[in-house]
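Each remark here refers to the structure printed beneath this line.
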Amino acid sequence: MHELSVTENILSLVRQYAQNANARKVTDIYLVIGRLAGIIDDSVQFYWDILCKDTLCEGSQLHFRHVPATMLCQDCGNQYTLEKELTPCTVCGSPKVTVITGDEFMLESIEIER
Amino acid sequence: MTTSRVPVVEKIMDANDQVAQQIRQKLDSHGILAINIMASPGAGKTSLILKTITALSSKYKMAVIEGDTAPVTIDADKVLASGVPAVQINTGGECHLDAMMMSRGLEQLPLEQLDIIIVENVGNLICPAAFNLGTHKNVLIASVPEGDDKPYKYPNIYRGVHALIINKTDLLPYITFNIDYFRQGVEMLNPALATFPLSCKTGDGLSEWISWIENQLNTRKAK
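Chains A and B, in that order, are what the protein sequence lines are. At position 99 of the first sequence the residue is numbered 278 (this note's numbering), and the sequence of numbers has no breaks. At position 14 of the second sequence the residue is numbered 19 (this note's numbering), and the sequence of numbers has no breaks.
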């Protein structure tokens, strides 16, 4: 739901890096999105296409690298991936778990033309 | 023409986080405790804020920042009627408050006179979780009619909070709400989270919540 504001953030970061690199055009944007970040690719793509009009990013491609949600059990040390909803430790059933990966939401790199 | 790859590696929410950090410094320099209240629409954010004002406004100088997606002043009017300054922020359709909006809200308050600022975020369990406002404590209200599965369905908002209020406990006899299932979800997301079951309607459990706020004030003053 907040994809419009986060897409605006992505665009401003991309423009800043593109301008510093003297880019004439940005062709590709590489994003990292964790499963727990709550960001929907399709919505970002939708807003991206609108926001990019008449900027040096117009026509650029978004690439999403997804990071799974990995949990660590504090009681038995088991590491497991959340397939669907939040579940206690898949080995010992303990609810004492911490998130190791899945929160990522980053701009990794861009591809530009000079 | 040459093409090249430019490495970036920046968090997308970084711009918001930086503004939030400036807000925190500003609040700290005035010795203000700021609390961000989040919940779904109808969970009782305004009711809780009004009860909190009733309990604390004779002892501490308080103010409220009200976030709403529509240009309405219903909540701000209620707060003003209780004798406490309130600032209304219309998010212009946005589903959350962000640090810039918070910053504009703070500009309208007499910071040098205040002890506590309560922020009422937009009613929503998803988006407010992603935007740090620079507040010291983030508090979530879950009301029992919403159901016991909310930690499982909206995990992010449960992970970032410092206290959880379970509101409308007076409705428990009439509603299927498995508190053990609810608490297990919360425990996985936010172990040992300070939790306050209460009813804004009857007043049951409110005093524990009020003491928690006063404890936060005292620990901050002691620093």
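Don't be surprised by glycine CBs; every beta carbon is placed ideally from N, CA and C.
- For a Cβ distance threshold of 7 Å, nothing in chain B lies close to Phe225/A: the least Cβ distance comes to about 16 Å.
- Closest in alpha carbon position to Asn41/B, among His35/B, Ser34/B, Gly47/B and Leu53/B, is Leu53/B.
- Of the residues Lys158/B, Ala197/B, Pro160/B and Tyr159/B, the one whose Cα lies closest to the Cα of His167/B is Ala197/B.
- Fewer than three pairs of CB atoms, one per stretch, sit closer than 8 Å, so the stretch 263 to 274 of chain A makes no contact with the stretch 182 to 197 of chain A.
- For Met250/A, DSSP records a beta bridge to Tyr259/A and Val278/A.
- In terms of beta-carbon proximity, Tyr259/A stays away from the interface with chain B, with every pair separated by 9 Å or more.
- For Ser45/B, no alpha helix (DSSP H) encloses it, and the DSSP letter there is neither H nor E.
- A residue is called buried once 16 or more other Cβ atoms fall within 10 Å of its Cβ, and Tyr157/B is buried on that count.
- Against chain A, the CB of His167/B has no partner CB under 9 Å away; the residue lies outside that interface.
- Scanning chain A for C-beta atoms nearer than 7 Å to the C-beta of Lys83/B yields nothing, as the closest lies near 26 Å away.
- When rounded, the separation of the alpha-carbon atoms in Leu119/B and Ala227/B is 17 Å.
- The three-state secondary structure of Ile189/A, taken from DSSP, is helix.
- For Val185/A, the C-beta contacts it makes with chain B under 7 Å involve Ile17, in order along the chain.
- Contact check for Met18/B against Val211/A fails: the beta carbons are separated by 9 Å or more.
- The residue among Pro202/B, Val149/B, Leu55/B and Val124/B with its C-alpha nearest the C-alpha of Ala104/B is Val124/B.
- Val77/B: not part of any beta strand (DSSP E); DSSP gives it neither H nor E.
- Within chain A, the residues placing a beta-carbon under 7 Å from that of Glu192/B are Pro274, ordered along the chain.
- When beta bridges are read from the DSSP output, Ser9/B appears opposite Ile291/A.
- For the options Leu286/A, Asp207/A, Ile291/A and Glu292/A, the alpha carbon positioned closest to that of Leu241/A is the one of Asp207/A.
- At least one CB atom of chain A sits nearer than 9 Å to the CB of Arg10/B.
- Boundaries around Glu125/B are those of the beta strand (DSSP E), Ile121 to Glu125, since no alpha helix (DSSP H) includes it.
- Near chain A, meaning a CB-to-CB distance below 9 Å, the residues of the stretch 194 to 212 of chain B are Leu194 and Pro196.
- Contact check for Leu169/B and Ala147/B: beta-carbon distance about 7 Å, within the 8 Å limit, so the pair qualifies.
- Closer than 9 Å to the CB of Ile279/A there is not a single CB belonging to chain B.
- For Pro247/A, there are no C-beta contacts with chain B under 9 Å, since the nearest C-beta of that chain is about 14 Å from it.
- A residue is called buried when at least 16 other Cβ atoms come within 10 angstroms of its Cβ; Ile189/A meets this threshold and is buried.
- Against chain B, a Cβ distance below 9 Å from Phe284/A picks out Lys16, Ile17, Met18 and Ala135.
- For the set Thr7/B, Met67/B and Glu213/B, the Cα lying nearest the Cα of Ala202/A is the one of Thr7/B.
- Look at the stretch 97 to 124 of chain B: the residues with a C-beta under 7 Å from a C-beta of chain A are Glu99, Cys100, His101 and Asp103.
- With fewer than 16 other Cβ atoms inside 10 Å of its own Cβ, Lys263/A counts as exposed.
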